[in-house]
Amino acid sequence: MIKIVDKGFCCGCQACSQICPKQCISLKEDNEGFLYPIVDESKCINCLLCEKVCPFQNEEVPNVPKKVFGAYNYNEEERKRSSSGGVFILLAKKVLSSGGVVFGAIFDKSWNVKHVYTESIEGVYPMLQSKYVQSDIGVTYKEVKMFLKAGRKVLYCGTPCQISGLKRFLCKKYDGLLTVDFLCHGVPSPGVWRKYVERELGPFARSATAGKNSVLSLSLNTVSDLSDIEFRDKTYRGWKKYSFVVRRKLPSKGNKNTVLLSDSHYTNPYMQGFLSDVFLRPSCYKCKCKNGRSRSDLTLGDFWCAEQIDENIDDDKGLSLLLVNNPDYQLPMGIYKKEFAFNKVKYLNGGFIESHDCDTIRRYFFYKFYTYFKIKKSLDYSMFMSKIIKKLLKIWK
Numbered sequence: 001m002i003k004i005v006d007k008g009f010c011c012g013c014q015a016c017s018q019i020c021p022k023q024c025i026s027l028k029e030d031n032e033g034f035l036y037p038i039v040d041e042s043k044c045i046n047c048l049l050c051e052k053v054c055p056f057q058n059e060e061v062p063n064v065p066k067k068v069f070g071a072y073n074y075n076e077e078e079r080k081r082s083s084s085g086g087v088f089i090l091l092a093k094k095v096l097s098s099g100g101v102v103f104g105a106i107f108d109k110s111w112n113v114k115h116v117y118t119e120s121i122e123g124v125y126p127m128l129q130s131k132y133v134q135s136d137i138g139v140t141y142k143e144v145k146m147f148l149k150a151g152r153k154v155l156y157c158g159t160p161c162q163i164s165g166l167k168r169f170l171c172k173k174y175d176g177l178l179t180v181d182f183l184c185h186g187v188p189s190p191g192v193w194r195k196y197v198e199r200e201l202g203p204f205a206r207s208a209t210a211g212k213n214s215v216l217s218l219s220l221n222t223v224s225d226l227s228d229i230e231f232r233d234k235t236y237r238g239w240k241k242y243s244f245v246v247r248r249k250l251p252s253k254g255n256k257n258t259v260l261l262s263d264s265h266y267t268n269p270y271m272q273g274f275l276s277d278v279f280l281r282p283s284c285y286k287c288k289c290k291n292g293r294s295r296s297d298l299t300l301g302d303f304w305c306a307e308q309i310d311e312n313i314d315d316d317k318g319l320s321l322l323l324v325n326n327p328d329y330q331l332p333m334g335i336y337k338k339e340f341a342f343n344k345v346k347y348l349n350g351g352f353i354e355s356h357d358c359d360t361i362r363r364y365f366f367y368k369f370y371t372y373f374k375i376k377k378s379l380d381y382s383m384f385m386s387k388i389i390k391k392l393l394k395i396w397k
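Sequential numbering of the sequence shown, starting at 1, is according to the UniProt record's numbering.
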C-alpha cells in the first residue's frame, strides 16, 4: 500500500486514490497546503494497485521529442488571451469539433485551482492562461476513462506528473486520448496561494467597494467577487515582461472590468516566491516526470530566448515551444510553426530538465509564513537567513 515516508516522493497526482477498489485512500492537506494520500488500513486488501499507478514508484526513462517547433496561433485574439503562443485552444477546438471532451485547470469561485472537463468552447476559455498553483485533480482520471470507454475523444492537459499519473491509471493505450503537458517549473503550495488571496488580494477587493479606509471582515466571500486573476497578462508589458493582474467588475462603472492590481512578475511577491522555487511541492525538487518521462503526446512551453537562434520569430506577443512526442498526431490548422533541432532549444526553457534544490530557504520561508502569513516578509527573512548560513559555511570550511 501507499505509505508516504518522504514527502519528496509523492507528486500529488491522486492516481492512487482513484484506482483503489475499496476507496480506502483519502487525501489530507498538510501544514504547507499540499494533499497527500492516507490509507485506511482496516479496509485495504493489499492489491498494490496504488503502488502500480504511482509515477514516482515507477519512474520512466527520459524521452527525446520527435519534432520541435516554435509555434503560435494565427488568431491574434486567441493568442492574446493565452499565456504563450495560444496553441492549446486550437488543440481543444479540434477535439471538440469531433464531439470530444477537454480537461484542464480552472479557478473555482474562491480562486482555488482544480481540474474539470468541458464539452464546449466556452468552457475552454477559463482553462487558458497559466495558473501557478497545484490543481486538485479530483476524480478526473475516472471521468477520462468513462468518456474513452464511451468512444469519445478526450484532451487532457496537466503537469508532467499529472499526465504520468493518468497514463498509469488507465493501464492501456486509448486511441481517442490526447495528452498535453507543459514545461513545468514546479507547482506552488495551494495553502500559500489561499492565504495570499485572502490576506493580500482581499484588501484590494474591499477598498474597491467600500473605500480604502473602510474596515470590513475579510473572508473568501470578499475575494470571490474578483472577476479575473492572471499570472501572465501581456496587456501592459508584453509577453516577456508579463504582469500579475487582478481585476474586478464594479457596479459603479457599469460592471466593466477594472484593474485593481498590476504588478510586473519580478516585483509581485507571490511570483517572486514561485520563480525562486521557495514554496513548491517537495517532489518538484527531485521530479521524476520531467525530461519526457510523462509520455505525453505533446508538450507546450514558452520559447524564451528564441531570438538567439532566429531573430525574426519573436514579436513579443507570445511564442510557444511545441514538442511533438507522438509522431502520429496531426497538428490542427491555424498554427504557425517553424521546426528547430531539439539540441538547439532544450536549454532555452529550463522546465524540460531542471529541478532545483533550495531546502534551506524553503524551511525558513514556511517557518515565517505560518507566523505572519505575509509572503514578502517571509521571503525576505528566508533569503536573509540563507545568506547568513552560506557565510557561516564558508568560515567553517
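Beta carbons: idealized from backbone N, C-alpha and C, even for Gly. As the structure is a computational prediction, the values presented were derived from the model and not from experiment.
On the DSSP bridge assignment, give the partners of Asn-257 in chain order. Lys-249
Near Gln-162, what residues of its chain come up, given a Cβ to Cβ distance below 6 angstroms and the 5 sequence neighbours on each side ignored? Cys-13
Status (buried if at least 16 other CB within 10 Å, exposed otherwise) for Phe-369: Buried: at least 16 other Cβ atoms inside 10 Å.
Got a sec? Which residues, its chain only, sit under 7 angstroms from Tyr-381 by beta carbon, not counting five neighbours each side? Tyr-364 and Lys-368
Can you tell me which of the three DSSP states Ile-388 falls into? helix
Enumerate, from N- to C-terminal direction, the unbroken beta strand (DSSP E) stretches of 3 or more residues contained entirely within the segment 69–116. 101–107
Express the C-alpha separation of Lys-149 and Phe-279 in angstroms, rounding to a whole number. 39 angstroms
Tell me where the alpha helix (DSSP H) around Gly-273 begins and ends. 269–275
With DSSP collapsed to three states, give me the class of Leu-218. Residue placement at Leu-218 cannot be trusted, given a pLDDT of 38 that sits under 50; the coordinates are not used to answer.
Straight-line gap, Phe-374 to Ser-276 (C-alpha atoms, nearest Å): The amino acid at residue 374 is misidentified as Phe; the sequence shows Lys. Going from the Cα of Lys-374 to the Cα of Ser-276 covers about 16 angstroms.
Cβ neighbours of Ser-378 in the same chain (closer than 7 angstroms, five flanking residues each side left out): Phe-365, Lys-368, Phe-369 and Tyr-372
Candidates Tyr-242, Val-95, Arg-248 and Asp-175, of which the one nearest Leu-201 by Cα: Arg-248
Going by the beta-carbon positions, is the gap between Ala-71 and Val-95 smaller than 7 angstroms? Taking 7 angstroms as the Cβ cut-off, Ala-71 and Val-95 do not qualify as a contacting pair.
Count the other CB atoms, across all protein chains shown, that sit within 10 Å of the CB of Met-333; report buried if there are 16 or more and exposed otherwise. Exposed, because fewer than 16 other Cβ atoms sit within 10 Å of the Cβ of Met-333.
Does the ligand FMN have even one heavy atom less than 6 angstroms from the beta-carbon of Gly-86? The ligand FMN is not part of the structure shown, which contains no ligands of any sort.
Cβ distance (whole Å) where Pro-55 is taken to contact Ile-2 below 8 angstroms: The distance from the Cβ of Pro-55 to that of Ile-2 is about 12 angstroms, inconsistent with a contact at the 8 angstroms cut-off.
According to the neighbour-count rule (16 or more other Cβ atoms, all chains shown, within 10 Å of its Cβ), is Ser-17 buried or exposed? Buried is the call here.
Assess, as a yes-or-no matter, whether the segment 291–306 is touched by the segment 155–172 under the definition of 3 or more beta carbon pairs within less than 8 angstroms. yes
Taking the beta carbon of Met-127 as the centre, do at least 16 other beta carbons fall within 10 Å, making it buried, or is it exposed? buried
Would Val-139 and Tyr-117 qualify as a contact pair, given that the criterion is a beta-carbon distance under 7 angstroms? no
State whether the segment 322–341 contacts the segment 59–66, with contact taken as three or more CB pairs (one from each stretch) at a distance under 8 angstroms. yes
My output table needs one value for Val-197: the three-state DSSP class, helix, strand or coil. Residue state, collapsed to three classes: helix.
Check the DSSP bridge columns for Thr-118 and list the partner residues they point to. Val-102
Straight-line CA distance for Met-383 to Ile-361? Met-383 and Ile-361: Cα-Cα distance of roughly 6 angstroms.
Assuming Asn-349 contacts Trp-304 under a Cβ cut-off of 8 angstroms, what Cβ separation, rounded to an integer in Å, is found between them? 5 angstroms
Go to Ile-19, then tell me how far its alpha helix (DSSP H) extends in each direction, as first and last residue. The continuous alpha helix (DSSP H) containing Ile-19 extends over residues 15–19.
Taking buried to mean at least 16 other C-beta atoms within 10 Å of its own C-beta, is Ala-15 buried or exposed? The C-beta of Ala-15 has 16 or more other C-beta atoms within 10 Å across all chains shown, which makes the residue buried.
Give the secondary structure of Tyr-174 by DSSP, where H, G and I count as helix, E and B as strand, and everything else as coil. Three-state DSSP puts Tyr-174 in coil, outside helix and strand.
Neighbour-count burial assignment, Tyr-270, 16 or more Cβ in a 10 Å radius: Around the C-beta of Tyr-270, 16 or more other C-beta atoms lie within 10 Å, and the residue is accordingly described as buried.
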